[in-house]
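Q: Per the UniProt record's numbering, the sequence shown starts with residue 1, numbered consecutively. Cβ atoms here follow ideal geometry from the backbone N, Cα and C, with glycine treated the same way. Everything numeric in this text was worked out from a predicted model, so none of it was measured. I'd like to ask some things about the structure below.
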Amino acid sequence: MDVVDIARIQFGVITVYHFLFVPLTIGGTALVALLETLWLRTKNPDYLRLTKFFAKLLLINFAIGVVTGIVQEFQFGMNWSDYSRFVGDVFGAPLAIEGLLAFFLESTFLGLWIFGWDKLPRGLHNACMWIVHLGTLASSWFILAANSWMQHPVGYRFNPESGRAELTDFAAVMFNKVQLVTFPHVVLAAYMTAAAAMAGVSVWLFVRRSADREVYRRSLRLGAAITLLAGLGVAITGDLQGKVMTEVQPMKMAAAEGLYETADTCAPFSVFTVGTPDGKHEKFAVTVPCLLSFLGTGTFDGKVEGINDLREEYRQTYGQDPGASYYTPGDYTPVIPVTYWSFRFMITMGSLAAAGSALLLWVTRRGRAPGARWLGTLGIGLPLLMLAGNSFGWIFTEMGRQPWAVFGLMTTERAVSPGVSVAEAATSLVVLTLLYAVLAVIEVRLLGTAIRKGLAPFEEPPDPGDPEHSDDAPLAFAY
């Protein structure tokens, strides 16, 4: 392997690993804020116990996620310096705002929420977690704006003297058509993931504990319902995203469907396709007639371009670049088996999680409290399905864009750091992979310990509005 291969593997490992924490943080802050709101509105102590229980899991996830996110930033300077130099003027503004505004908003109000149980009025304390959630949404917006620019560059001009893309229209970058469909899709998937985790943990405890079963039943039904509703939103936004992708990245859509020849009308949707090892020809396929035309264009007779025609079109437009070790010069086709199957695994995992949530709602309807052991297995499977679905989604998004780092402007071959040797790249890959493995063990042990303990006994937090409450009381760290 050369430096490009190793750098791509490292980027994949770090990105996929970091994104395991992101949806749980985005969705988790919303769920914890919702549980506390329900406690304030209903005065039901069960909701306070659930708030503190799931907040403990959220804080563990948040802490490990921050560490992995820092490494994500560093790797751009380590292995992708030419890429960083090329996009720095465009990415500087959104990523700086993300760090200075969104992340500090999250961390500041999360600290107020943790230490403010006996210092802040209850409504204001609850508002702090909602603000944390808004911070996660703002952070997601700016980061996804940068990624959407890589998929569909807008609002820039190329400076031939510096060899860099320069920002000319900040609003165009922020409201890129890819961004407008990607953001709701990712956020809804985050809600779906966190809710599946809530339902899964609750089911596991529901089956294994005789105490507090009604409380766990309450949280598992809430988590399952949100998973199902968010899943519907994910499907709708995914359909919109597919139509935009067909417009701005037709090769990604063609590769996702294994469509080799252009269909002027009535393009079929591939349920299962087997191609040649070089990814250039279809050998066998099971298809649904005309469905791809509808998914890609909104009409059953819409035109969807095929891989072979697009390959020739890109060769004429962009010349013989990239010529990387893993591509034939002039072949701008992504690795089709990876793109094709990651797309299907993403959809399958999400669909199974939604089906599992529907099953949970059905078996616990009208006060039913089944104790079947298979429910515990389903509880473990729900969050794993969603985490896998998210990972396959990002693999599809990034691999489907290949061989481009920035579509139409910079290939991955030209984005890598020119001064990094194979030994240096391999060393950083091994070290970071081992570090992440250690962090994974720590994360699993901490979460496992917290989950096995279950709900803490109800303890009414001090109310700063109470006349007997002392303002001189020390801050209380509840976790």
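(1) When you compare the CB positions of Gly464 and Pro121, do they come within less than 7 Å of one another, or not?
(2) Could you check how far apart the C-beta atoms of Arg49 and Ala456 are, in whole angstroms? I think they sit under 8 Å.
(3) Under the rule that 16 or more other beta-carbon atoms within 10 Å means buried, what is Glu98, buried or exposed?
(4) According to DSSP, simplified to helix, strand and coil, what is Glu413?
(5) Are at least three pairs of beta-carbons, each pair with one atom in the region 393–403 and one in the region 338–347, less than 8 Å apart?
(6) With distances taken Cα to Cα, identify the nearest neighbour of Leu382 among Asp89, Ala355, Gln249 and Phe392.
(7) So, with DSSP's three-state summary, where would you put Ser421?
(8) Give me the Cα-Cα distance between Trp149 and Gly454, rounded to the nearest whole angstrom.
(9) So, is Ile6 buried or exposed, given that buried needs 16 or more other C-beta atoms within 10 angstroms?
(10) Let's test the definition: count the other Cβ atoms within 10 Å of the Cβ of Val430 and tell me whether it reaches 16, buried, or not, exposed.
(11) Could you compute how far the alpha carbon of Met251 sits from the alpha carbon of Leu291?
(12) Exposed or buried, what is Ile70 when buried is set at 16 or more other beta-carbons lying within 10 Å of its beta-carbon?
(13) Considering only residues of the same chain and omitting the five flanking positions on each side of Tyr314, which have a CB-CB separation below 6 Å?
(14) Whole-angstrom Cβ separation of Pro160 and Leu409, contact assumed at under 8 Å?
(15) By DSSP, does Ser162 sit in helix, in strand, or in coil?
(16) So the beta strand (DSSP E) residue 480 belongs to, where does it begin and stop?
(17) Pick helix, strand or coil for Phe11, following the three-state DSSP scheme.
(18) Give me the Cα-Cα distance between Met78 and Val420, rounded to the nearest whole angstrom.
(19) Kindly identify the DSSP beta-bridge partner or partners of Tyr156.
(20) Taking buried to mean at least 16 other C-beta atoms within 10 Å of its own C-beta, is Ile226 buried or exposed?
(21) Select from Phe458, Ser84 and His185 the residue whose C-alpha is nearest the C-alpha of Ile26.
(22) Helix, strand or coil: which one does DSSP assign to Thr348?
(23) Specify, as a first and last residue, the run of the alpha helix (DSSP H) that Glu214 falls within.
(24) What residue range does the alpha helix (DSSP H) around Arg311 cover?
(25) Can the beta-carbon of Gly231 be found less than 7 Å from the beta-carbon of Met192?
(26) Once DSSP output is grouped into helix, strand and coil, what is the label at Ala263?
(27) Measuring from the CB of Thr287, is there a heavy atom of the ligand SAH at a distance below 6 Å?
(28) Examine chain C for any beta-carbon lying closer than 7 Å to the beta-carbon of Thr333, and answer yes or no.
(29) Just the Cα atoms here: how many angstroms apart are Gly258 and Val90?
(30) For the pair the region 31–38 and the region 127–145, tell me if three or more CB-CB distances fall below 8 Å.
(31) Tell me, which residues are paired with Val304 by DSSP?
(32) Counting along the chain, where does the alpha helix (DSSP H) carrying Asp46 start and finish?
(33) Measuring alpha carbon to alpha carbon, tell me which residue in Arg8, Arg157 and Gly389 is nearest Leu188.
(34) I think Val3 touches Val422, with their Cβ atoms under 8 Å apart; what is that distance to the nearest whole Å?
(35) I'd like to know whether the C-beta atoms of Val304 and Ala263 end up nearer to each other than 7 Å.
(36) With a cut-off of 8 Å on the beta carbons, I'd call Leu378 and Leu352 a contact; round off their distance for me.
A: According to the structure data:
(1) For clarity, residue 464 is Pro in the given sequence; the question names Gly instead. A contact, by the Cβ cut-off of 7 Å.
(2) 6 Å
(3) buried
(4) helix
(5) yes
(6) Ala355
(7) coil
(8) 44 Å
(9) buried
(10) exposed
(11) 18 Å
(12) exposed
(13) Tyr332
(14) Rounded, the Cβ-Cβ distance is 13 Å, inconsistent with contact.
(15) coil
(16) No answer is possible for residue 480: the residues shown for the chain start at 1 and end at 479.
(17) helix
(18) 8 Å
(19) Leu167
(20) buried
(21) His185
(22) helix
(23) Arg213 to Val248
(24) Ile307 to Tyr318
(25) yes
(26) strand
(27) Absence of the ligand SAH is noted for the structure shown, with no ligands found whatsoever.
(28) Looking for chain C here will not work: only one protein chain is present.
(29) 33 Å
(30) yes
(31) Ala263
(32) Pro45 to Asn79
(33) Gly389
(34) 6 Å
(35) yes
(36) 10 Å between Cβ atoms; not a contact.
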